[in-house]
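This report refers to the structure that appears directly beneath it.
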Amino acid sequence: MRSLAGLVAIVAAASVHLYLLSTHLPPGPKQPDTEGEDGIEIITMHQFFSPSRLKFPSDLDELRELAEMLKFYNREHHGYVLLLFCSAYLYKQSFAIPGSSFLNMLAGAIFGPWEGLVLACLLTTSGSTFCFLLSSIFGKQYVAHLFPDKVSLLQRKVEENRSSLFFFLLFLRFFPMTPNWFLNITCPVLNIPMPIFFFSVFIGLIPYNFICVRTGSILSEISSLDDIFSWTTLAQLLAIALMALVPGALIKHYSKAHLKVDGMDRNGTSQAGIEQDRKRR
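Going by mature numbering (1 follows the signal peptide of the UniProt record, and there is no 0), the letters in the sequence shown line up with residues -18 to -1, 1 to 263, in that order.
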C-alpha cells in the first residue's frame, strides 16, 4: 500500500508540473499586421495560443493544429517550447501512457527532422528508463498480478534467450509482439539488467522514431496534394521505407538463427495462454 501511495504522489507531482507549464505561458510573439496601419487589431500569441488548446494530440488534425501553434511560439521561446515538449514526452513515457507516435511526429514538425530525431531518441530512452525504475520500485508485484500469463510467457522466452538477451530485446522493439509500454513495466519483473534495457531501447527504437519524426516533418511541409507527389517528398518517403525495412530484415534474419521466439504473437501472448483464458471463462 505504501508503494502505491508513493507512485500516486509522483504521478500527482508530475501532473501539477505539466499543468503549470501549460498554463503559465511567457509573453508570446505578436502576429504580423499584414494590413498595415488600418486600425486592425494585432493578435498576440496569448490569444492564438490559449492554454485550453494545449493537450496531447489524438489524431492528425489535432497534431497539425498543435504543431502550428508550437512552431509559431517557438520563434521567440525555443527554450520554453523545448521544456514543455520534453516534460510532456517524459510524462507519457514514464507512466506507460500509449501514444508516443504522435509526439514523435510533433517533434519532427516543430524541431525539424534531425533535432526532432535526436530529441525523440533521447526522450524515448530516458522516459522508458524512468518507467523501468518506477516499475522496479513501486509496481513489480502489481505487474505480475495483473498480467500473469504475459509475464510468464516473457519470463520463459527471456530464459530461453539469456545468451542473446540484448538481441532478443532488440527483436521485441523492432517487431513489437508486445507493446513498448508493457515491455518497460515488465523488464524489472524479468530481472533484465538496466544497461541492457537502456541500450536496447535506444538502439531498437531508432527506426521507429525516425519514421515518426520524418513523417511529422513531411506533414508540416505539405499544404496541397501536389506537394505529396514532388520528387523531394517521394525521395523522403522512400528513405523512410528503407529505414523501416533494412534494420528489421537484419534483425529478423539474426533471430531465425539465434533467437527462440516461437509461440509468441503480436500481443505478447501464446496459444497456450489463449486456451487457458478460454477455460477460465
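The C-beta atom is built at its ideal place from N, Cα and C for all residues, glycine as well.
Local Cβ density within 10 Å of residue i, reported as buried at 16 or more and exposed below that
i	result
Ser117	buried
Leu2	exposed
Ser40	exposed
Val(-11)	exposed
Met87	buried
Pro14	Its pLDDT being 49, under 50, Pro14 is placed unreliably in this model, and the coordinates cannot settle the point.
Val(-3)	exposed
Ser110	buried
Ile119	exposed
Arg57	exposed
Pro170	buried
Gly98	buried
Trp163	buried
Gly90	buried
Asp208	The predicted model places Asp208 with a pLDDT of 49, which falls under 50 and marks its position as unreliable; any figure quoted below should be read in that light. Exposed is the call here.
Leu42	exposed
Candidates the options: closest to residue i by CA position
i	options	result
Ser69	Ala49, Leu105, Met51, Asn56	Leu105
Glu47	Phe84, Leu152, Phe181, Pro161	Phe84
Tyr62	Ser4, Asp43, Val171	Ser4
Ile174	Asn191, Pro161, Leu151, Leu187	Leu151
Ile185	Tyr124, Arg57, Leu154	Leu154
Asn166	Gly90, Asn191, Ser108	Ser108
Thr197	Lys132, Ser134, Pro161, Leu45	Leu45
Leu65	Leu(-1), Leu115, Arg138, Phe114	Leu(-1)
Leu115	Asp131, Phe180, Ser202	Phe180
Ser161	Gln123, Leu172, Ala(-7), Ser82	First, the amino acid is wrong: residue 161 is Pro here, not Ser. Nearest option by C-alpha distance: Ser82.
Pro189	Ile(-9), Phe157, Met176	Phe157
Arg138	Val183, Lys122, Leu172, Gln123	Leu172
Residues near residue i by beta carbon distance below 6 Å, same chain, minus five either side
i	result
Leu52	Val63, Ile92
Leu187	Thr106, Arg155
Leu36	Ser4
Ser(-16)	Phe120
Lys122	Pro170, Val171
Ala(-5)	Tyr73
His6	none
Contact test: residue i Cβ vs the ligand FAD heavy atom, cutoff 7 Å
i	result
Glu50	Inclusion of the ligand FAD in the displayed structure is not the case, the ligand content being empty and no account of it being possible.
Chain-order list of residues whose beta-carbon lies under 8 Å from that of residue i (same chain, five-residue window excluded)
i	result
Ile178	Leu147, Phe148, Leu151
Val195	Asn86, Met87, Ala89, Gly90, Pro95, Gly98, Leu99, Ala102
Asn191	Asn86, Leu99, Ala102, Cys103, Thr106
Val(-8)	Phe77
Cutoff 7 Å; reference residue i; Cβ partners in own chain excluding five residues on either side
i	result
Leu72	Leu105, Ser108, Gly109, Phe112
residue 266	Since the first residue of the chain shown is -18 and the last is 263, residue 266 is not available in this structure.
Ala49	Leu88, Ala91, Ile92, Ser202
Thr168	Val125, Val133, Leu136
Gly(-13)	Phe120
Ser182	Phe148, Leu151, Leu152, Arg155
Within-8 Å CB hit, residue i to chain C
i	result
Phe192	The chain inventory of the structure shown lacks chain C, comprising one protein chain alone.
Q: Take every Cβ of the region 71 to 85, pair it with every Cβ of the region 138 to 145, and state whether three or more of those distances are shorter than 8 Å.
A: No, they do not touch.
Q: With a floor of 4 residues, list each alpha helix (DSSP H) that falls wholly inside the region 150 to 185, ordered by position along the chain.
A: Segments of the alpha helix (DSSP H) lying fully in the region 150 to 185: 162 to 168.
Q) Unbroken alpha helix (DSSP H) runs of length 4 or more, entirely within the region 29 to 98: which are they? A) Fully enclosed alpha helix (DSSP H) runs of 4 or longer: 42 to 55, 60 to 76, 82 to 93.
Q: At 3 residues or longer, and completely inside the region 102 to 148: list those beta strand (DSSP E) runs for me, N to C.
A: DSSP runs (the beta strand (DSSP E)) wholly in the region 102 to 148: none.
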